[in-house]
Amino acid sequence: MANIAAKRIKREFKEVMKSEEVAGGAIKLELLDNSWTELQGEIAGPPDTPYEGGTFLLEIKVPETYPFNPPKIRFMTKIWHPNVSSVTGAICLDILKDQWAAALTLRTVLLSIQALLSAAEPNDPQDAVVAKQYKENPTLFALTARHWTHAYAGGPAAIRDFDAKVQRLLDMGVDEHQARVALSTYDWELERATEQLFNREE
Amino acid sequence: MGFEIKRFQGDVDEELICPICSGVLEDPLQAPACEHAFCRACITEWISRQPTCPVDRQAVTASQLRPVPRILRNLLSRLCTSCDNAPHGCNAVLKLDSLPSHLVECEFNPKRPMPCEAGCGLVIPKDELAEHNCVRELRALIATQQGKLTDYQQELAEQRLIINEHKRELALLKEFMRAMRVSNPTMRALAEQMEREEVVRWAGSLARARVTRWGGMISTPDDVLQMMIKRSLSESGCPPHIIDDLMENCHERRWPPGLSSLETRQNNRRLYEKYVCKRVPGKQAVLVLQCDNTHVDEHMMVEPGLVMIFAHGIE
Ligand SMILES: [Zn+2]
Ligand SMILES: [Zn+2]
Ligand SMILES: [Zn+2]
Ligand SMILES: [Zn+2]
Numbered sequence: 001m002a003n004i005a006a007k008r009i010k011r012e013f014k015e016v017m018k019s020e021e022v023a024g025g026a027i028k029l030e031l032l033d034n035s036w037t038e039l040q041g042e043i044a045g046p047p048d049t050p051y052e053g054g055t056f057l058l059e060i061k062v063p064e065t066y067p068f069n070p071p072k073i074r075f076m077t078k079i080w081h082p083n084v085s086s087v088t089g090a091i092c093l094d095i096l097k098d099q100w101a102a103a104l105t106l107r108t109v110l111l112s113i114q115a116l117l118s119a120a121e122p123n124d125p126q127d128a129v130v131a132k133q134y135k136e137n138p139t140l141f142a143l144t145a146r147h148w149t150h151a152y153a154g155g156p157a158a159i160r161d162f163d164a165k166v167q168r169l170l171d172m173g174v175d176e177h178q179a180r181v182a183l184s185t186y187d188w189e190l191e192r193a194t195e196q197l198f199n200r201e202e
Numbered sequence: 001m002g003f004e005i006k007r008f009q010g011d012v013d014e015e016l017i018c019p020i021c022s023g024v025l026e027d028p029l030q031a032p033a034c035e036h037a038f039c040r041a042c043i044t045e046w047i048s049r050q051p052t053c054p055v056d057r058q059a060v061t062a063s064q065l066r067p068v069p070r071i072l073r074n075l076l077s078r079l080c081t082s083c084d085n086a087p088h089g090c091n092a093v094l095k096l097d098s099l100p101s102h103l104v105e106c107e108f109n110p111k112r113p114m115p116c117e118a119g120c121g122l123v124i125p126k127d128e129l130a131e132h133n134c135v136r137e138l139r140a141l142i143a144t145q146q147g148k149l150t151d152y153q154q155e156l157a158e159q160r161l162i163i164n165e166h167k168r169e170l171a172l173l174k175e176f177m178r179a180m181r182v183s184n185p186t187m188r189a190l191a192e193q194m195e196r197e198e199v200v201r202w203a204g205s206l207a208r209a210r211v212t213r214w215g216g217m218i219s220t221p222d223d224v225l226q227m228m229i230k231r232s233l234s235e236s237g238c239p240p241h242i243i244d245d246l247m248e249n250c251h252e253r254r255w256p257p258g259l260s261s262l263e264t265r266q267n268n269r270r271l272y273e274k275y276v277c278k279r280v281p282g283k284q285a286v287l288v289l290q291c292d293n294t295h296v297d298e299h300m301m302v303e304p305g306l307v308m309i310f311a312h313g314i315e
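Chains A and B supply the protein sequences, listed in that same order. The opening position of the first sequence corresponds to residue 1 in the UniProt record's numbering, with each subsequent residue numbered one higher. The opening position of the second sequence corresponds to residue 1 in the UniProt record's numbering, with each subsequent residue numbered one higher.
Given below as structure tokens:
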């Protein structure tokens, strides 16, 4: 079976390279080893979303039983999204789990993940905190997602107010990512975030 | 698993590609409703994991899979491919349907069995010939054979032991029976009755034989020939108490008056036709047993019967 996996990935790699999405800069794919088992994907944040302008790296691991089992994919770039864990980058997407079909390819999978950034599924969340904010405070969610895109994915739009709050916590000696997670989790209320951060350290 | 697409000349139609392994379809099957086609091995493996079409996820079970239409099979069989052994130097270009027969005889097959010409004469896969070392191979062979030999010897020793035990028991039993026969007339009659019945039973188990050329008779067979016949008789189940007597009667010196010389034999040739002959299995020889030939004149018969060996002519 390992033989099929390598053969498939070689072909799919070529398919992605020839695709118009690569030509248009929407997705990229890079090989990390010679055995065709580890690749790095890259997707551009879709237009008209908080991820616009960002570039998101994906870790792709091809199991020996591919394509009878789906590839294992997670976000390496930190992202604020209901269906992606803000901690591990794990993705909740049906085709990567029980809805996997052997005819799906790396190209279709990358495009599906990109589509997930345009249309979140808050009712099937990977990150409950993010999903709650998405449903209860969509405006704040969009700003937070944009802020993360700027901080981690090279997105263009800085949110001054958020940056200032992160800086306040940095001045208190808090790690930058921890500060951002705490503030995002507590809807950017500095006091509650601070409280949570310092209580935890006790 | 399908054929590597690079092996084919020109472009291969997408329809002929297996969506699972991305090779050219090998022994394809299709899903019933959507008609998506896959290699048999690929779709079987997939369905063992989940009963769906790998393209559109419609429900499909293994028993619903069908052969692909003839037109698809024809398209596949007409594709031109290189040989599996192309990396080993085979330049053949073949239609897909003639590939299997070519592979059987392809001389570039690295696993093709070749006799070693350096001296040992062993037959080994071609690709192991370069690394092959006659002495090493033969030593290994000797080692395994020695192991087997030791095993056999051990087994033989054990069997000998058992046989000797049986022999002792048998001798005791025979001795006992002989004593019984001598001391008791009823037992003697019974034993003789049993022996006669045994001969009749054995005679009934043998096939009838026809002698087409009485002239081919060997009236003075040598010891080697006699041993062969005796062995065959023993294997056919000849009762042990008559086998030595029968073998004595395979030579003209023990034959009855009507057969004892060439001259009498020539005179009595028409009487031969009356003999009921049984085949000595696998041999050009017949048994003329007394129990089968009570109708024959006395001067043509002896107890317990005759063995006649021929050069040819037994059916
Ligand atoms: Zn296949
Ligand atoms: Zn289908
Ligand atoms: Zn060949
Ligand atoms: Zn040799």
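From the three backbone atoms N, C-alpha and C, an ideal C-beta is built for every residue, glycine too.
Item, Value
"Going by DSSP, which residues form a beta bridge with A/Arg74?", "A/Glu59, A/Ala90"
"Quick one: is A/Arg107 near chain B, going by C-beta distance under 8 Å?", "no"
"In the stretch 100-151 of chain A, which residue ranges form an unbroken beta strand (DSSP E) of at least 3 residues, counting only runs that do not cross its ends?", "none"
"By Cβ distance below 6 Å, which residues in the same chain neighbour B/Asp245 in space, the five residues on each side in sequence not counted?", "Pro304"
"Assuming contact is defined by CB atoms lying nearer than 8 Å, are B/Val60 and B/Ile47 in contact in what I supplied?", "yes"
"Would you say B/Asn249 and B/Val307 are within 8 Å of each other, going by their C-beta atoms?", "yes"
"Please say whether B/Lys278 and B/His295 have beta carbons closer to each other than 8 Å?", "no"
"When the Cα atoms are used, what is the spatial distance from A/Ala90 to B/Arg70?", "46 Å"
"So which of A/Pro46, A/Glu121, A/Glu59, A/Lys165 has the shortest CA-CA distance to A/Leu39?", "A/Glu59"
"Please check the pair B/Pro51 and B/Pro19, which I expect to be a contact at CB under 8 Å, by giving their CB distance rounded to whole angstroms.", "Contact doesn't hold; Cβ gap of about 17 Å is too wide."
"When every heavy atom of ligand 3 is checked, does at least one fall within less than 7 Å of the C-beta of B/Cys53?", "no"
"Let's test the definition: count the other Cβ atoms within 10 Å of the Cβ of A/Lys117 and tell me whether it reaches 16, buried, or not, exposed.", "A small fix is needed here, since residue 117 of chain A is Leu in this sequence, not Lys. With 16 or more other Cβ atoms within 10 Å, it is buried."
"Using 7 Å as the cut-off, classify the Cβ of B/Ile5 as near or not near the heavy atoms of ligand 1, replying yes or no.", "no"
"By how many angstroms is the C-alpha of B/Ser63 removed from the C-alpha of B/Leu72?", "21 Å"
"For A/Ile159, report the span of its alpha helix (DSSP H) as first-last.", "That residue, A/Ile159, is in no alpha helix (DSSP H); it is neither H nor E in DSSP."
"Buried or exposed: which applies to B/Thr220, given that a residue is buried once 16 or more other Cβ atoms fall within 10 Å of its Cβ?", "exposed"
"Taking only the alpha-carbon atoms, compute the straight-line gap between B/Gly237 and B/Leu173 and give it to the nearest angstrom.", "21 Å"
"Report the residues of the stretch 62-82 of chain A with a CB closer than 7 Å to any CB of chain B, ordered along the chain.", "Pro67, Phe68"
"B/Gln193 to B/Thr186, Cα distance in whole Å?", "11 Å"
"Can you list the residues near ligand 4, meaning Cβ strictly closer than 5 Å to any non-hydrogen atom, in the order they appear in the chain?", "B/Cys116, B/Ala118, B/Cys120, B/Cys134"
"Got a sec: is the Cβ-Cβ distance from A/Ala102 to anything in chain B below 8 Å?", "yes"
"Beta strand (DSSP E) containing B/Lys95: first to last residue?", "93-95"
"Taking the straight line between their C-alpha atoms, what separation do you get for B/Cys39 and B/Pro125?", "30 Å"
"In angstroms with no decimal places, state the Cα-to-Cα distance between B/Ile163 and B/Arg231.", "20 Å"
"Can you grab the Cα-Cα spacing for the pair B/Val123 / B/Glu137, in whole Å?", "11 Å"
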